[in-house]
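Using our numbering, the first residue of the sequence shown is number 127, and each one after it goes up by one.
Remarks on the structure that follows.
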Amino acid sequence: DIGELKTAPRSMLTTKISNFACSVRSIRALHQTKVGNVKVGTTQQDVEILCTKPMSPIDLDKFVAGQTRGEQGLEEVSGRMPFDLKGHRAARSHIATTMLQRLEDDAKVHAEQANSGQTMKL
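In structure tokens:
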């Protein structure tokens with residue numbers, strides 16, 4: 127019965143976000159109190175679960191498994207660019223060479239992450 131919750135302060139029931147564009151959100155435990163027969167608020171454990179593995183209370187691990195690219199039968203992602211523009215005359219400027227270097231670095235990082243990561247499967 128949620129009728130008793132209608133009298134609880136809004137901050138006890140849901141979050142209020144004032145800036146959806148912010149890059150960081152601070153989440154903290156709220157003092158627990160009883161409203162009628164319903165306990166309202168969050169513990170530090172609730173906050174940790176929400177921020178790390180929000181679906182853990184339903185024991186999702188029984189149904190989900192992580193698979194590497196190899197386990198999925200996929201080839202490794204190459205860390206090399208699929209093209210070479212270094213010889214092109216427009217790629218000789220300082221800006222162009224630094225941009226190409228950044229793209230090569232990004233391709234290596236992407237390959238490392240893709241090859242060492244796991245995809246979660248039901």
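Built from N, CA and C at the ideal position, the CB exists for glycine as well.
For residue i, the three-state DSSP class (helix, strand or coil)
i, result
"Lys165", "strand"
"Ala237", "helix"
"Lys188", "helix"
"His214", "coil"
"Gln158", "strand"
"Arg151", "coil"
"Glu230", "helix"
"Met207", "coil"
"Ser182", "helix"
Residue i: first and last residue of the uninterrupted beta strand (DSSP E) it sits in
i, result
"Gln312", "The first residue shown for the chain is 127 and the last is 248, placing residue 312 beyond what the model contains."
"Gln193", "Ala191 to Gln193"
Delimiting residues of the alpha helix (DSSP H) encompassing residue i
i, result
"Gln171", "Gln170 to Thr178"
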